[in-house]
Structures are given as structure tokens and as C-alpha cells.
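In the numbering used here, the protein residues as written are 365 to 424. Encoded as C-alpha cells, the structure appears first; notes follow it.
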């Protein structure tokens with residue numbers, strides 16, 4: 365299973381991760397990205413590479 369870390373200090377709430385995730389792992393809550401379905405992560409790392417703030421880290 366993937367371990368997804370979103371740094372709340374870096375996250376700007378832009379929603380890029382929500383848009384690029386093919387399985388809908390993320391939601392925006394209170395202006396920040398939250399991985400609500402981490403167990404469904406495909407480890408494609410699209411969120412990690414597309415996050416303009418560099419706030420997301422995905423590890424196996």
C-alpha cells in the first residue's frame with residue numbers, strides 16, 4: 365500500500381492532485397489536499413510530479 369504525505373505547510377490547495385489522480389485519491393478540505401482514499405493509490409506518482417508546490421510525497 366502507498367504511503368502518501370501531503371505537507372500542509374507547502375500545500376496551496378490548488379487542486380492539481382485532485383485533477384491528475386486517475387483513481388480519485390484526493391479531496392480538498394479546508395483549502396488543503398487530503399488523501400482520503402490512499403488504499404486505492406496506483407503508485408503512478410502523477411500527483412507527486414504535478415504538484416506545483418512540491419507538497420506531495422508518495423512512497424511504497
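Positions of the beta carbon are idealized from the N, C-alpha and C atoms, including for glycine.
- Counting the other Cβ atoms within 10 Å of the Cβ of residue 423 gives fewer than 16, which makes it exposed.
- Taking the C-beta atoms as reference points, residue 390 is found nearer than 8 Å to residue 411.
- Our two residues, residue 395 and residue 418, have alpha carbons roughly 16 Å apart in a direct line.
- In this structure, residue 386 lies away from residue 407, with their beta-carbon atoms at least 8 Å apart.
- Residue environment for residue 399: buried (at least 16 other C-beta atoms within 10 angstroms of its C-beta).
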